[in-house]
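Student: In the UniProt record's numbering, the protein residues as written are 1 to 268.
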Ligand SMILES: Nc1ncnc2c1ncn2[C@@H]1O[C@H](COP(=O)(O)OP(=O)(O)OP(=O)(O)O)[C@@H](O)[C@H]1O
Ligand SMILES: [Mg+2]
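This is how it looks when you write it as structure tokens:
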């Protein structure tokens, strides 16, 4: 994205965002609630049209949604409740008129990849939260997108399931070679998964604040000293923005941002 401005009516949501993401890279967008992470991701998805600047994917301008840019939402309501898991996964290939035999192979491959082979005939209402997110991911992957956009996909999951999903996503990312843009509030999650972590300033007129390379050996361990140091750095970076937001809302309680990790911490 180059010099991207996004407005909603007369509200200036994002101003001048420039970010290059390499093919196959895993990039996390991290920032305080309401800063514009989803808005930027939606611009890459093609759901939101920038008022200025441009978003390109490969060499083509993004002018709307496309199966080559799959989106995994936070809410598992994105699954079709009247279709089984297998039928949900099969939906994209079916729309593209993929022959049945080939489609079955695609279904099997991605159901296995996300660990849902044994639940293929269940319906979304019969799945746990973690299983629903796996099903959503399989449905997106079945379109073999070059870019996967994930907006807090594990935000609604319990801590244990979340950890399992992070490990699985790391593996799936390597298996597919997809480029991933991943939005999260969770600094630890960003460190576990990313090649680079991008922080944003608090809005309005949010901008890209800093870009942190994250080249620690994988699988990552948040307790190792290098991870812990990066964690502290990110916590300060985001804490500053949370404090700025609180000040703007007249809720300043003397925070300097240093002791806050995320939105939850900021209120204390
Ligand atoms: N469709 C819309 N119409 C008007 N304002 C919007 C719209 N979508 C987002 N905004 C505003 O743009 C800003 C950024 O919103 P966005 O959803 O991108 O934040 P976010 O960083 O994803 O927050 P969260 O972490 O809480 O999901 C907010 O002030 C929000 O109110
Ligand atoms: Mg959001």
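For each residue, glycine too, the CB sits at the ideal point set by N, CA and C.
Since the structure is predicted, the reported quantities are computational estimates derived from the model, not experimental observations.
For residue 47, which residues in the same chain have their Cβ closer than 7 Å to its Cβ, ignoring the five residues on either side in sequence?
Tutor: What you label residue 47 is simply residue 47 of the chain shown in a count that begins at 1. Cβ within range, chain order: 65.
Student: Name the one or two DSSP bridge partners that residue 48 has.
Tutor: Position 48 of the chain shown, counted from the start, is the residue given in the question as residue 48. The partner list for residue 48 (beta bridge, DSSP) is empty, contrary to what the question assumes.
Student: Three or more beta-carbon pairs under 8 Å between the region 103-119 and the region 128-141, yes or no?
Tutor: Contact between the region 103-119 and the region 128-141 is present, because at least three Cβ pairs lie under 8 Å.
Student: Answer yes or no: does any C-beta atom of chain B fall closer than 9 Å to that of residue 213?
Tutor: Absent here is chain B; the protein component of the structure consists of one chain.
Student: Measuring alpha carbon to alpha carbon, tell me which residue in 183, 213, 148 and 129 is nearest residue 164.
Tutor: Indexing the chain shown from 1 puts residue 164 at position 164. Among 183, 213, 148 and 129, the Cα nearest to that of residue 164 is on 129.
Student: Within a Cβ cutoff of 6 Å, which residues of the same chain sit near residue 78, ignoring the five residues on either side of it in sequence?
Tutor: Counted from its first residue, the chain shown places residue 78 at position 78. Cβ within range, chain order: 136.
Student: For residue 267, which of helix, strand or coil comes out of DSSP?
Tutor: Here residue 267 refers to the residue found at position 267 when the chain shown is read from its first residue. Annotation note: pLDDT 39 at residue 267 (below 50); position unreliable, coordinate value reported separately. Reduced to three states, the DSSP call for residue 267 is coil.
Student: Give the straight-line distance between the Cα atoms of residue 207 and residue 223, rounded to the nearest whole angstrom.
Tutor: Translated into the one-based positions of the chain shown, residue 207 becomes position 207. Translated into the one-based positions of the chain shown, residue 223 becomes position 223. Near 30 Å, if we compare the C-alpha coordinates of residue 223 and residue 207.
Student: Give the range of the beta strand (DSSP E) segment to which residue 17 is assigned.
Tutor: The residue you call residue 17 lines up with position 17 of the chain shown. Here the beta strand (DSSP E) through residue 17 covers 11-17.
Student: Got a sec: does ligand 1 put a non-hydrogen atom nearer than 8 Å to the Cβ of residue 52?
Tutor: On the chain shown, residue 52 is found 52 positions in, with the first residue counted as 1. Every heavy atom of ligand 1 is 8 Å or more from the Cβ of residue 52, so no.
Student: Could you tell me the alpha carbon to alpha carbon distance between residue 275 and residue 40, rounded to whole angstroms?
Tutor: Since the first residue of the chain shown is 1 and the last is 268, residue 275 is not available in this structure.
Student: Are the region 56-70 and the region 202-221 in contact at 8 Å, needing three or more beta carbon pairs?
Tutor: Flag = no, the region 56-70 and the region 202-221 do not touch.
Student: Quick one: residues with CB closer than 7 Å to any heavy atom of ligand 2, in chain order, please.
Tutor: That gives 37, 38, 151, 152 and 183.
Student: Is residue 184 helix, strand or coil by DSSP?
Tutor: On the chain shown, residue 184 is found 184 positions in, with the first residue counted as 1. Reduced to three states, the DSSP call for residue 184 is strand.
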